[in-house]
């Protein structure tokens, strides 16, 4: 079984930013595991880029915490729940991993969240977006750091409804992520008085979307929502253009990454409305971080990559503050500290363990509007955290109801 692509022991020797040695941190190292899709349909949105971001976070922290080196493990779950769980069990058990991060696949994230709770270990989700992670399936040892399906859906739907786009058809990835995305979007459409004309589900990593798109075309819906991501999103959007669905029907894609826009090109993707957690070309600080990342990857980062950098940095700060790597005190320290870094200037972890922050409603530029490489997006609006994420008491999370 191709479980582990790489096990990178970052026994970094630098001591900048390190604290004096502490007996409270057990073992020889603080160990972090990056678990994601390294080679499949979600490799661009996280994949090797997440490993680069993890390296950057560890390097920038100085390579040690509490006098102990920081060790990094990397594995490819191949979008298979049994593979992902097997790796997580090995990591949380014999390999003494303190925290697993990333995930990409929501079904695997939900499964590992249950295991992490059972093992009293920490899991941080930076690229899995099911709202259930901090909703009905929330856990005291799981933290969702970046976007979620509710947040990705609501702002674009509100903008479209204001334009009179009031009927919708879903083309949905047939697993936990897609179903959660469709459920969150449907609830908001219904609340605003819109109608659902139909829905069809496709397997992960589909090559031919023709039968699904014909159903969308025949529905007469004003808006076709692509409730998928990664290679599936790129394929379905390109084929939608080939079938003549656009411009007759508006295409909405709640989960779009900068890498997707780069793969599709502005000719295919222009005018898509999309939520982003971060954009490389926002200000001098974001551009400087992105250029460092570009030097290593030869491409600009997605918001998930800088989100992972942020989460690891905050986690290491919490270990330093708590003077231990034990899960409960580290999570308490993470929740007590505001999140202030390159990712967000004012984030906080709420009662349901969702980190909330201001988000960006973006539009993909037309080809003639782009002035330089990777100049792909234009900000439509900043969505404040209170509007960008569902209030914790409304998520169905038992922790937030207490």
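In the working numbering, the protein residues as written are 1099 to 1500. Using N, Cα and C, we set each Cβ at its ideal position, and we do this for glycine too. Just so we're clear, the structure is a prediction, and the values are computed from it rather than from any experiment.
Range covered by the alpha helix (DSSP H) that runs through residue i
i            : result
residue 1342 : Run containing residue 1342: none; DSSP gives neither H nor E here.
residue 1092 : Lying before the first or after the last residue shown, residue 1092 is absent from the chain, which here runs from 1099 to 1500.
residue 1284 : 1274–1289
residue 1190 : 1179–1190
residue 1252 : 1247–1260
residue 1131 : Not the alpha helix (DSSP H): residue 1131 falls in the beta strand (DSSP E), residues 1128–1134.
residue 1489 : Looking at the DSSP string, residue 1489 is not in any alpha helix (DSSP H), and its letter there is neither H nor E.
residue 1358 : 1356–1362
residue 1391 : 1382–1395
residue 1317 : 1308–1317
Nonlocal neighbours in the same chain, by C-beta distance under 7 Å from residue i, ignoring five residues either side
i            : result
residue 1488 : 1248
residue 1320 : 1263, 1264, 1265, 1347 and 1348
residue 1503 : Since the first residue shown for the chain is 1099 and the last is 1500, residue 1503 is missing from the structure and cannot be characterised.
residue 1477 : 1458 and 1460
residue 1485 : none
residue 1120 : With a pLDDT of 41 at residue 1120, under the threshold of 50, the predicted position of this residue should be treated as unreliable, and no value is reported.
Distance CB(residue i)-CB(residue j) smaller than 8 Å
i            : j            : result
residue 1224 : residue 1371 : no
residue 1493 : residue 1232 : yes
residue 1383 : residue 1458 : no
residue 1322 : residue 1338 : yes
residue 1468 : residue 1364 : yes
residue 1197 : residue 1391 : no
residue 1330 : residue 1271 : yes
residue 1286 : residue 1255 : yes
residue 1317 : residue 1267 : yes
residue 1252 : residue 1418 : no
residue 1416 : residue 1404 : no
residue 1183 : residue 1213 : yes
residue 1314 : residue 1269 : yes
residue 1219 : residue 1425 : yes
Boundaries (first-last residue) of the beta strand (DSSP E) holding residue i
i            : result
residue 1060 : Since the first residue shown for the chain is 1099 and the last is 1500, residue 1060 is missing from the structure and cannot be characterised.
residue 1422 : That residue, residue 1422, is in no beta strand (DSSP E); it is neither H nor E in DSSP.
residue 1146 : That residue, residue 1146, is in no beta strand (DSSP E); its alpha helix (DSSP H) goes 1145–1159.
residue 1372 : 1371–1374
Close Cβ partners of residue i (< 6 Å) along its chain, the five nearest in sequence each way excluded
i            : result
residue 1327 : 1353
residue 1142 : 1357
residue 1204 : 1226, 1228, 1274 and 1275
residue 1166 : 1123, 1127 and 1128
residue 1483 : 1454, 1455 and 1456
residue 1250 : 1352, 1353 and 1373
Assumed close pair residue i, residue j - CB separation to whole angstroms, cut-off 8 Å
i            : j            : result
residue 1303 : residue 1138 : 7 Å
residue 1454 : residue 1466 : About 36 Å separates the two Cβ atoms, so there is no contact after all.
Own chain, CB closer than 8 Å to residue i, minus 5 neighbours either side, in chain order
i            : result
residue 1496 : 1236
residue 1361 : 1142 and 1332
residue 1344 : 1338
residue 1498 : 1236, 1448, 1449, 1450, 1490 and 1491
residue 1258 : 1321, 1348, 1350 and 1371
Problem set entry | Validate contact between the stretch 1119–1138 and the stretch 1178–1195 using beta carbons, cut 8 Å, 3 pairs | Contact check between the stretch 1119–1138 and the stretch 1178–1195: three or more CB pairs, one atom from each, fall below 8 Å, which counts as touching.
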